[in-house]
């Protein structure tokens, strides 16, 4: 079982490093309340990531409205390991729970 766990961890490390494995890659999140995190996504048949996502930062201190869902959009970034980043586009304060 430990070998299987270490294989999974190795796979996750590769995704976090921006390597595409099994059509999945980790894309860095830039700006906004989720800044510095990595979103692991499955690429489409053309090798493109999902256009964006909405997320909540959870319990954080600071000026962010934790009730709002924050919008991130995929942006090409040749200097990023995956070639893409998710850039903060703003808060959706009308989002339902």
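In the numbering used here, the protein residues as written are 64 to 160.
We treat Cβ as the ideally placed atom computed from N, Cα and C, and that holds for glycine.
Since this is a predicted model, take the numbers as computed values, not measurements.
Taking residue i as part of the beta strand (DSSP E), name the residues at either end of that continuous run.
i	result
residue 155	147-155
residue 140	Run containing residue 140: none; DSSP gives neither H nor E here.
residue 82	That residue, residue 82, is in no beta strand (DSSP E); it is neither H nor E in DSSP.
Leaving out the 5 sequence neighbours to the left and right, which residues in its chain are closer than 6 angstroms to residue i when beta-carbon positions are compared?
i	result
residue 160	The predicted model places residue 160 with a pLDDT of 48, which falls under 50 and marks its position as unreliable; any figure quoted below should be read in that light. None.
residue 184	Residue 184 is absent from the structure shown; the chain starts at 64 and stops at 160.
DSSP state of residue i, grouped into three classes?
i	result
residue 117	strand
residue 133	strand
residue 97	coil
If residue i sits next to residue j, beta carbons under 8 angstroms apart, how far is it from one beta carbon to the other, in whole angstroms?
i	j	result
residue 133	residue 113	Wrong, their Cβ atoms sit about 15 angstroms apart, outside the cutoff.
residue 117	residue 155	6 angstroms
Just checking, does the region 141-157 make contact with the region 76-93 on the three C-beta pairs under 8 angstroms criterion? Three or more beta-carbon pairs drawn from the region 141-157 and the region 76-93 are found closer than 8 angstroms, and the two stretches are therefore classed as touching.
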